[in-house]
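**Q** I have a structure here, written as structure tokens, and I will follow up with some questions on it.
Numbering (this note's numbering), first residue to last: 15 to 87.
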């Protein structure tokens with residue numbers, strides 16, 4: 015899930031500065047990546063009984079903190 019979230023965040027960041035068809039194509043890639051994250055979170059929460067919201071927030075925090083820490087790859 016963390017890998018999927020990281021990929022979605024990378025796709026979102028690539029939207030900056032794009033316009034027209036390039037923006038639309040990147041937006042579709044970002045939406046697809048985001049949908050994959052949501053599906054993985056939902057499946058895992060359902061399988062484990064975990065709170066879907068708490069799981070999603072934990073994944074987002076893990077990705078954001080890893081991006082802020084230059085030592086973490």
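Here a beta-carbon is modelled for each residue, glycine too, at the ideal position from N, C-alpha and C. In this text the structure is predicted, and so the values were computed from the model without any measurement.
1. Is the CB of residue 72 under 8 angstroms away from at least one CB in chain D?
2. Residues in the same chain with beta-carbon distance under 7 angstroms from residue 16, minus the five sequence neighbours each way, listed in chain order, please.
3. Taking a contact to mean a Cβ-Cβ separation below 8 angstroms, would you say residue 47 touches residue 30 in this structure?
4. Beta-carbon within less than 8 angstroms of residue 58's beta-carbon, same chain only, minus the 5 sequence neighbours each way: which residues are those?
5. Let me know if residue 19 comes out buried or exposed under the rule of 16 or more other beta-carbons within 10 Å of its beta-carbon.
6. Run through the segment 20 to 64 for me and flag every whole alpha helix (DSSP H) of 4 or more residues, listed as ranges in chain order.
**A** With the given structure in hand:
1. No chain D is present in this structure, which holds just one protein chain.
2. The count along the chain shown starts at 1 and reaches residue 16 at position 2. The answer, listed in chain order, is 73, 76, 77.
3. In the chain shown, counting from the first residue as 1, residue 47 sits at position 33. In the chain shown, counting from the first residue as 1, residue 30 sits at position 16. No.
4. For the purposes of this step, residue 58 is taken as residue 44 along the chain shown, with counting starting at 1. 15, 64, 69.
5. On the chain shown, residue 19 is found 5 positions in, with the first residue counted as 1. The residue in question, residue 19, is buried, as its Cβ has 16 or more Cβ neighbours within 10 Å.
6. 34 to 62
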